[in-house]
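Read through the structure below, which is laid out as C-alpha cells, and then see the notes.
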Ligand SMILES: Nc1nc2c(ncn2[C@@H]2O[C@H](COP(=O)(O)OP(=O)(O)OP(=O)(O)O)[C@@H](O)[C@H]2O)c(=O)[nH]1
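In full-length UniProt numbering, the protein residues as written are 1 to 406.
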C-alpha cells in the first residue's frame, strides 16, 4: 500500500490541530511543522515513509513570501497551498508554479476541499485522462496541468485517434476535447464516443475558444458533461476536472457494489446470472463450501472468518479467473467451467491445494478444507446448480473434504 503520510505546515496552532485531526480522521498520517525550519527538518529526515503530499500554509514566520513552497517543489512533493492570503497577485504567483492546487482559507469549505484534493492525489495515479487537441502545444499545456495532480495522461491529435484509444482502453475516465480540429470536430467526437461509452463510465469536457454562444450547449447535447471556454484559469480547470472525475468514480463504485460481493470483491449471485445471460450456458459448474466454517468463526472470531473467505476468494480468482467465480453467500462459492471435458480433476486439484495450505491470519495459522459438488453437461443453468448443490450435499454427508461429481 502507498504512503498516507502528509506533511502539514501551519504556524497557527489551533488551525494546525484542527487540520491534523481532520487528516487523522480520514486515515492519513500527518507530520506537523509550524515553521519552514521544522518543515526542512522533516523533509531532510530520510528515515521515515515517503510523503504522499504536503498541505502548506503559504506564509510562515520564517518564510513570509512563500519560500517554503520552493523547498517542496524542488523535492517534488505534491503540494496543496492553503492560505489566508487570497489577493490576486499571490493567487497568480502560486498557480504559476506546479502546485496541486491553491485553496484560500475563505470559509470552512476550504478544509473539505483540501481533503478532496488529498483523495485525488491518492487516487489519481490510477486515473487516466485523454487529451484531444490537434495542437501539440495545447496538449502539452493540458498535460502538465493534469500531471500536477498526478493524473495519467494519454494524448490524441484528432478524433479518429481518440476513438481508437478509447476503444482499446476502457480504463480512461475523462476526455478533454477541443472543438476545432481537422476532420472530426469536438462536438461530433462526443457523439461518436457516446455510441460506446456511457456517462456512467466516462466524463467528457469540451473546450473551445469559439465566440459562438451555443457552443457549450452543442457540446452538452452531443454527450459532453461539461464545458470550458479558452482561456480558462487553472483553478476553474482543476475544479471542473475534479468534479467530473469524482462523479464518474462514484458511479463506477456504485455499479461495482451492485455487481460484487463487498467482502471478497468476487462477482455476487446477481452478477453470476448476468454473466450466464451474456455468455451463455456453461458446460459445467461447481459449488464449493468451506467445511465447518462456523467453528472457525466460533474459535477464532468473525474477523478471522472474513480473512479465510478473502484468502479463498483470492485463490479462486487466481485459479479460475474472476469472471468464472462468484460468492453465492456465506461460505458458499460457485465456479463456472466453460470448457467441455471432465471438470473433476481440476476441482480435485483445487481441493487438495486448499487442504494443504496454511493460512496466516491475525490470530495465528489456520487450515481449512472444502466440500465440492460438480455438475456438467445439462441443458440449463438452474439444473446445473441444482445438481451441483445435491453433489455438494453428498460430499458433506460422505465426510467432507472431497469432490463429488454427477
Ligand atoms: N466471518 C464470516 N462468517 C460468515 C459470513 N457469512 C456467513 N458466515 C457464517 O458462516 C457460518 C456457516 O455455518 P453453517 O452453515 O452452519 O456451516 P458450516 O459450519 O460451514 O458447516 P458445514 O457446511 O456443514 O461443513 C455461519 O456461522 C455464518 O454466520 C461472513 O461474511 N463472514
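Glycine included, C-beta positions come from ideal geometry on N, C-alpha and C.
Backbone CA spacing between residue i and residue j [nearest angstrom]
i           : j           : result
residue 387 : residue 223 : 48 angstroms
residue 304 : residue 261 : 18 angstroms
residue 152 : residue 128 : 5 angstroms
residue 144 : residue 86  : 24 angstroms
residue 270 : residue 259 : 7 angstroms
residue 327 : residue 206 : 41 angstroms
residue 192 : residue 323 : 29 angstroms
residue 213 : residue 189 : 20 angstroms
residue 176 : residue 183 : 17 angstroms
residue 111 : residue 81  : 11 angstroms
residue 297 : residue 291 : 12 angstroms
residue 357 : residue 31  : 41 angstroms
residue 314 : residue 278 : 24 angstroms
residue 170 : residue 140 : 23 angstroms
residue 120 : residue 330 : 35 angstroms
residue 204 : residue 239 : 14 angstroms
residue 377 : residue 295 : 35 angstroms
residue 63  : residue 135 : 40 angstroms
residue 251 : residue 241 : 16 angstroms
residue 56  : residue 103 : 10 angstroms
residue 256 : residue 344 : 32 angstroms
residue 348 : residue 300 : 27 angstroms
residue 340 : residue 285 : 11 angstroms
residue 38  : residue 44  : 10 angstroms
residue 220 : residue 200 : 15 angstroms
residue 218 : residue 381 : 47 angstroms
Per DSSP, the bridge partner or partners of residue i
i           : result
residue 178 : 207
residue 260 : 267
residue 366 : 359
residue 54  : 7 and 79
residue 247 : Answer is none; residue 247 lacks a bridge partner.
residue 405 : 374
residue 30  : 6
residue 148 : According to DSSP, which records beta bridges pairwise, residue 148 is partnered with nothing at all.
residue 92  : DSSP output for residue 92 lists no bridge partner at all.
residue 289 : 332 and 371
residue 393 : The partner list for residue 393 (beta bridge, DSSP) is empty, contrary to what the question assumes.
Closest Cα partner of residue i within the set the options
i           : options               : result
residue 88  : 3, 389 and 233        : 233
residue 113 : 182, 235, 95 and 190  : 235
residue 308 : 93, 332, 346 and 217  : 332
residue 130 : 220, 167 and 118      : 167
residue 137 : 174, 106, 178 and 164 : 178
residue 374 : 398, 199 and 405      : 405
residue 355 : 395, 397 and 401      : 401
residue 159 : 186, 146 and 142      : 186
residue 161 : 133, 149 and 9        : 133
residue 275 : 348, 389 and 336      : 336
residue 28  : 54, 13 and 37         : 54
residue 310 : 286, 376, 267 and 340 : 267
residue 351 : 320, 91 and 237       : 320
residue 247 : 215, 379, 174 and 195 : 174
residue 18  : 389, 115, 148 and 44  : 115
residue 197 : 209, 217 and 225      : 225
residue 302 : 273, 257, 338 and 362 : 362
residue 282 : 338, 228, 227 and 383 : 338
residue 368 : 40, 289, 393 and 58   : 289
residue 26  : 34, 13 and 122        : 122
residue 42  : 21, 68 and 23         : 68
residue 325 : 265, 364, 36 and 209  : 265
residue 117 : 93, 146 and 92        : 146
residue 70  : 342, 280, 36 and 84   : 36
residue 40  : 21, 210, 23 and 8     : 8
residue 180 : 163, 209 and 156      : 209
residue 93  : 316, 381, 58 and 342  : 58
Whole-angstrom C-beta distance between residue j and residue i, which should lie under 8 angstroms
i           : j           : result
residue 3   : residue 50  : 5 angstroms
residue 370 : residue 359 : That pair is no contact at about 13 angstroms.
residue 60  : residue 11  : 5 angstroms
residue 5   : residue 48  : 7 angstroms
residue 202 : residue 172 : 6 angstroms
residue 150 : residue 124 : 4 angstroms
residue 237 : residue 334 : Not confirmed; about 47 angstroms, so no contact.
residue 403 : residue 395 : 7 angstroms
residue 372 : residue 392 : 7 angstroms
residue 105 : residue 83  : 6 angstroms
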